[in-house]
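*Asks:* For the protein sequence lines, the chains are H and P, in the order given.
Position one of the first sequence corresponds to residue 1 (this note's numbering), numbered consecutively onward.
Position one of the second sequence corresponds to residue 293 (this note's numbering), numbered consecutively onward.
Note that the Cβ used here is the ideal one computed from N, Cα and C, for glycine as well.
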Amino acid sequence: MILGKPAPLLFGQLLLGIINGSFYAMLSMGLAIIFGLLRIINFAHGAMFMIGAFVTWGLLNYADIGFWWALILSPLIVGVAGYVLERVMISRIYNLDILYGLLLTFGMAQVMGGVMTNYFGSSGVSYDTPDLLSGVLDLGFMYMPVYRGFVVFAAVIICFGTWFAIEKTRLGALLRAATENPSLVQSFGVNVPRLIALTFAGGVGLAALAGVLAAPLYSVNPGMGDDLINTVFAVVVIGGMGSIGGAILTGFGLGIIEGFTDVFYPPGSAVVVFVVMAVVLLARPSGLFGKA
Amino acid sequence: MFGFSRAQLIGFVVLVLAVVVGPFVLYPIFLMQVMCFALFAMGANLLMGSIGLLSLGQAAYFGLGGYVCGYLVQTTGVTPEVGILAGGLAGTALGVVFGWLVIRRQTIYFAMITLALAEIVYFVSVQDTNFTGGENGIQGIPRSALFGQFSLNNDLAMYVLVAIIFLAGFLFVHRIVHSPFGQVVRAIRENEPRAISLGYKVEHYKWIIFIIAAGLAGVAGATKAMVMGIETLTDVGAAASGLVVLMVLLGGIGTIFGPVIGALVVVAMQYYLSQFGAWVTVIQGVIFMLCVLVFRRGVVGELAYRLKTPL
């Protein structure tokens, strides 16, 4: 017993919180990257996550391509689609009010969600856990499904890899420079429009990668992104828009807070993230990690 | 009259005629729904058009208005006008609180925070089954009698009440936009730093607009609950917030007739295309994208541009 609650329950919720936090972190990181350079809140981010999961399912059922290849192929496919969407549509609205980007991607999300609902129904399809990762691990103090452990492990690697790529590599430096001053970077001979399109592709590719990881864990359905994305938006607001490290830390942190709220006050678990957001905004309007 | 320009006066006369003739041509319930959503959209348009703030959480006030009205009318048996008034006041009160939280934020921050606050209202609505009925919603709200005198069970009687509320709301919004207060609000939209330097407390002005929009949403939600006899989670969810933004965008941001046309088209789509199921969502999404990419003035805005007169 810890704090009047059985230890297995507590650890179970902690694990659940970390897993949810993994998805919050991966999705809000992609949003933050896209926002940093494009100055667009990508409302289609949840839909891209959902498409990523459906592509994973499709690869297995139509082409007999399994989970491990899907980890590479699905983000690639969604990333290419994102590249095209940016070039064909989003790039047309950069000179407009910032809110139009939000409205445009909102429309995209509706189209993607609607089309998938028409073909797969709202209950969706299921995707089996890959053989290598099925089974349960005995940690001594609790039992953990191997796949869940893998998701957390993968999320940490993905988050660290992305953070490293943006903060520590030459490409990342270029990206950050273009965020600060696009015209100056362009005058150095960098193709900024292409860089922007690639950034969008990378961001939605990350969402798709999260979708692949989610496929065996949740039912693959058209609403799976919607359920998550509103929380993710709150995470981005709390962490401070455009901060990659902030998005990662806030994502994991809020997942854990949500998990514990579920133990001590179950009805509060759905709203705790939004309540935290309201409090944070009152105290620090630019978010925990945002620049003032 | 009422500060209408000539073209607007003609438009208003046409609108009144359409409201009068409407129920004899089209299904009254459909028209009442259009008017409720138009009222809802007029509030959202005040926010978007006159101060340029996009709220993605307007359904919170719309839904709360509906729940309060439905709950009061059903459990305490108050008369419809009291229920609708209470719904409007509930929306207004929530607008005061939420508005205070968000009004200093700009553009996308404002949009996302309103979205998140509306999520709180949604989740509370799901769980507080005593008040909202949770997943089932409030069913079988009786229409009873207006002022305890005039029975509203007849659709046409209900229609008259809704039409009066709608037209009064329309004139109210128009009056606000064209009042000295509205002039200051416009100045803030055009050049906020300048308005500040002239000594206007811009946050107060924005806050008041936010509260009015919430109040209108509350009245609209309450009226809709009376019309339909039910109030469910659909009205308080994110989809309803998206829908009202679509209405404003499609009709024309910042026009006075835009929200009405937007509501008419969007509600008609839901009504007459309902057999296509989720394709309606796809069509709505496509309209959203087209409005942003090629049709930013919206229907009424485009018309006003062609006729070179504000509408």
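1. In the DSSP assignment, the beta strand (DSSP E) including P:Ile-401 goes from what residue to what residue?
2. Among H:Gly-245, H:Ile-65, H:Phe-11 and H:Ala-44, which has the Cα closest to the Cα of H:Phe-141?
3. Compare the C-beta of P:Ala-330 with all C-beta atoms of chain H and state if any pair is closer than 9 angstroms.
4. Suppose the cutoff is 6 angstroms on Cβ atoms and the five residues either side in sequence are ignored; what does the same chain contact list for P:Val-559 look like?
5. Which residue or residues does DSSP assign as beta-bridge partners of P:Val-528?
6. Output the residue ranges of the alpha helix (DSSP H) runs that lie fully inside the region 336-404 of chain P and measure 4 residues or longer, sorted by chain position.
7. With burial defined as no fewer than 16 other Cβ atoms inside 10 Å of the residue's Cβ, what is the status of P:Arg-481: buried or exposed?
8. Quick check: what's the CA-CA separation for P:Ala-514 versus P:Leu-364?
9. Enumerate in chain order the residues of its own chain whose CB-to-CB distance from H:Tyr-83 is below 6 angstroms, with the five nearest sequence positions on each side excluded.
10. P:Trp-499: which of P:Tyr-319, P:Phe-390, P:Gly-534 and P:Tyr-451 sits nearest, CA to CA?
11. Work out the CA separation of P:Tyr-319 and P:Phe-549 for me, nearest whole Å.
12. In the DSSP assignment, find the beta strand (DSSP E) that holds H:Tyr-143 and state where it starts and stops.
13. Can you tell which of P:Gln-419, P:Ser-297 and P:Glu-594 has the C-alpha that lies nearest to the C-alpha of P:Thr-524?
14. Could you check how far apart the C-beta atoms of H:Leu-59 and H:Ala-47 are, in whole angstroms? I think they sit under 8 angstroms.
15. Under three-state DSSP, which class holds P:Leu-490?
16. For the beta strand (DSSP E) containing H:Asp-138, list its first residue and its last residue.
17. Strictly by DSSP, which residues pair up with H:Ser-126?
18. Taking DSSP as the reference, what is the three-state secondary structure of H:Lys-5?
19. Report all residues from its chain with a CB closer than 8 angstroms to the CB of P:Val-591; omit the five preceding and five following residues, and keep chain order.
20. Please list, in chain order, all residues of the same chain as P:Ser-297 whose beta carbon is under 7 angstroms from its beta carbon, the five residues on each side excluded.
21. If we count Cβ pairs, one from each stretch, closer than 8 angstroms, do we get three or more for the region 78-93 of chain H versus the region 239-247 of chain H?
22. Applying a beta-carbon distance threshold of less than 8 angstroms, which residues of chain H neighbour P:Gly-569?
23. Which complete alpha helix (DSSP H) runs does the region 522-575 of chain P hold, if anything under 4 residues is left out?
24. Determine the chain P residues that contact H:Asn-230 at a beta-carbon separation under 8 angstroms, and present them in chain order.
25. Quick one: grab the DSSP three-state call for H:Val-271.
26. Excluding five sequence neighbours on each side, which residues of the same chain lie with their C-beta closer than 7 angstroms to the C-beta of P:Leu-535?
27. For the alpha helix (DSSP H) containing H:Thr-261, name the first residue and the last one.
28. Rounded to the nearest angstrom, what separates H:Asp-105 and H:Ile-90 at their Cα positions?
29. Does any CB atom of chain H fall closer than 9 angstroms to the CB of P:Leu-393?
30. If you pair each beta-carbon of the region 338-346 of chain P with each one of the region 559-576 of chain P, do three or more pairs fall below 8 angstroms?
31. Mind checking if P:Gln-350 is an interface residue toward chain H, Cβ cutoff 9 angstroms exclusive?
32. Could you please give the first and the last residue of the uninterrupted alpha helix (DSSP H) stretch that includes H:Asn-95?
33. Take H:Leu-288 and list the residues in its own chain whose beta-carbon comes closer than 7 angstroms to its own, dropping the five residues that flank it on each side.
34. Check whether chain P comes within 9 angstroms of H:Ala-234, counting only Cβ atoms and requiring the distance to be less than that.
*Replies:* By the coordinates alone:
1. Position 109 of the second sequence, counting from 1, holds the residue named residue 401 of chain P. Here the sequence assigns Tyr to residue 401 of chain P, which means Ile is not the residue at that position. Counting along the chain, P:Tyr-401 falls outside any beta strand (DSSP E), though it belongs to the alpha helix (DSSP H) covering 399-419.
2. Against the first sequence, residue 141 of chain H aligns to sequence position 141. The residue with the shortest Cα to Cα distance from H:Phe-141 is H:Phe-11.
3. By one-based count along the second sequence, residue 330 of chain P stands at place 38. P:Ala-330 has a beta carbon lying at 9 angstroms or more from every beta carbon in chain H.
4. What you label residue 559 of chain P is simply residue 267 of the second sequence in a count that begins at 1. Closer than 6 angstroms at Cβ, skipping near neighbours: Gln-325, Val-326 and Phe-329.
5. Walking along the second sequence from the start, residue 528 of chain P turns up at place 236. P:Val-528 pairs with nothing; no bridge assigned.
6. The qualifying runs are 351-363 and 372-394.
7. By 1-based counting over the second sequence, the position of residue 481 of chain P is 189. Buried, by the Cβ-count rule.
8. On the second sequence, position 222 is the one that residue 514 of chain P refers to. On the second sequence, position 72 is the one that residue 364 of chain P refers to. Their Cα atoms are separated by approximately 11 angstroms.
9. For this step, residue 83 of chain H is matched to residue 83 along the first sequence. For H:Tyr-83, where only same-chain residues beyond five positions count, the Cβ hits under 6 angstroms are Ala-197 and Ala-201.
10. Here the question's residue 499 of chain P lines up with position 207 in the second sequence. Restricting attention to P:Tyr-319, P:Phe-390, P:Gly-534 and P:Tyr-451, the CA atom closest to the CA of P:Trp-499 is found in P:Phe-390.
11. Within the second sequence, residue 549 of chain P is the residue found at index 257, counting from 1. Within the second sequence, residue 319 of chain P is the residue found at index 27, counting from 1. For P:Phe-549 and P:Tyr-319, the distance between alpha carbons rounds to 22 angstroms.
12. The sequence position of residue 143 of chain H within the first sequence is 143, counting from 1. Run containing H:Tyr-143: 143-145, per the beta strand (DSSP E) assignment.
13. As a first step, residue 524 of chain P is located in the second sequence; it is residue number 232 there, counting from the start. If we check each option's Cα against that of P:Thr-524, P:Gln-419 comes out closest.
14. If you number the first sequence from 1, residue 59 of chain H lands on position 59. If you number the first sequence from 1, residue 47 of chain H lands on position 47. Rounded, the Cβ-Cβ distance is 18 angstroms, inconsistent with contact.
15. In the second sequence, the residue the question calls residue 490 of chain P occupies position 198. Three-state DSSP puts P:Leu-490 in coil, outside helix and strand.
16. Indexing the first sequence from 1 puts residue 138 of chain H at position 138. Looking at the DSSP string, the run of the beta strand (DSSP E) that includes H:Asp-138 is 136-138.
17. Position 126 of the first sequence, counting from 1, holds the residue named residue 126 of chain H. Partner(s): none; H:Ser-126 has no beta bridge.
18. Taking the first sequence and counting its residues from 1, one reaches residue 5 of chain H at position 5. Three-state DSSP puts H:Lys-5 in a strand.
19. For this step, residue 591 of chain P is matched to residue 299 along the second sequence. Answer for P:Val-591: Leu-542, Gly-543, Gly-544, Gly-550, Ile-553, Gly-554 and Val-557, listed in chain order.
20. Within the second sequence, residue 297 of chain P is the residue found at index 5, counting from 1. Sequence-distant Cβ neighbours of P:Ser-297 in its own chain, meaning closer than 7 angstroms and more than five residues away, are Thr-601 and Pro-602.
21. With the cut-off at 8 angstroms, the region 78-93 of chain H and the region 239-247 of chain H do not touch.
22. As a working mapping, residue 569 of chain P is identified with position 277 in the second sequence. Around P:Gly-569, the beta-carbon contacts reaching into chain H at under 8 angstroms are Thr-117 and Asn-118.
23. Those alpha helix (DSSP H) runs which fall completely within the region 522-575 of chain P and span 4+ residues are 530-543 and 550-564.
24. For the purposes of this step, residue 230 of chain H is taken as residue 230 along the first sequence, with counting starting at 1. Correct list: Leu-407, Ala-408, Glu-411 and Ala-530.
25. Residue numbering aside, residue 271 of chain H sits at position 271 when the first sequence is read from its first letter. H:Val-271: coil per DSSP, three-state reduction.
26. Looking up residue 535 of chain P in the second sequence gives position 243. The beta carbon of P:Leu-535 sits closer than 7 angstroms to the beta carbons of Val-558 from its chain, once the five residues preceding and following it are set aside; these are given in chain order.
27. As a position in the first sequence, residue 261 of chain H is number 261, starting the count at 1. Where H:Thr-261 is concerned, the enclosing alpha helix (DSSP H) stretches over 244-264.
28. For the purposes of this step, residue 105 of chain H is taken as the residue at position 105 of the first sequence. For the purposes of this step, residue 90 of chain H is taken as the residue at position 90 of the first sequence. Asp is not the amino acid found at residue 105 of chain H; the sequence shown has Thr there. A direct Cα-Cα distance of roughly 8 angstroms separates H:Thr-105 from H:Ile-90.
29. In the second sequence, residue 393 of chain P corresponds to position 101, counting from 1. Closer than 9 angstroms to some Cβ of chain H, the Cβ of P:Leu-393 qualifies, so yes.
30. In this structure the region 338-346 of chain P does not touch the region 559-576 of chain P; the number of beta carbon pairs closer than 8 angstroms is below three.
31. Here residue 350 of chain P corresponds to residue number 58 of the second sequence, with the count starting at 1. Between P:Gln-350 and chain H, the shortest Cβ-Cβ separation is not below 9 angstroms.
32. Looking up residue 95 of chain H in the first sequence gives position 95. In the DSSP assignment, H:Asn-95 falls outside any alpha helix (DSSP H), carrying neither H nor E.
33. Counted from its first residue, the first sequence places residue 288 of chain H at position 288. Ile-238, Gly-239, Gly-240, Gly-246, Thr-250 and Val-280.
34. By 1-based counting over the first sequence, the position of residue 234 of chain H is 234. By this cut-off, H:Ala-234 is an interface position.
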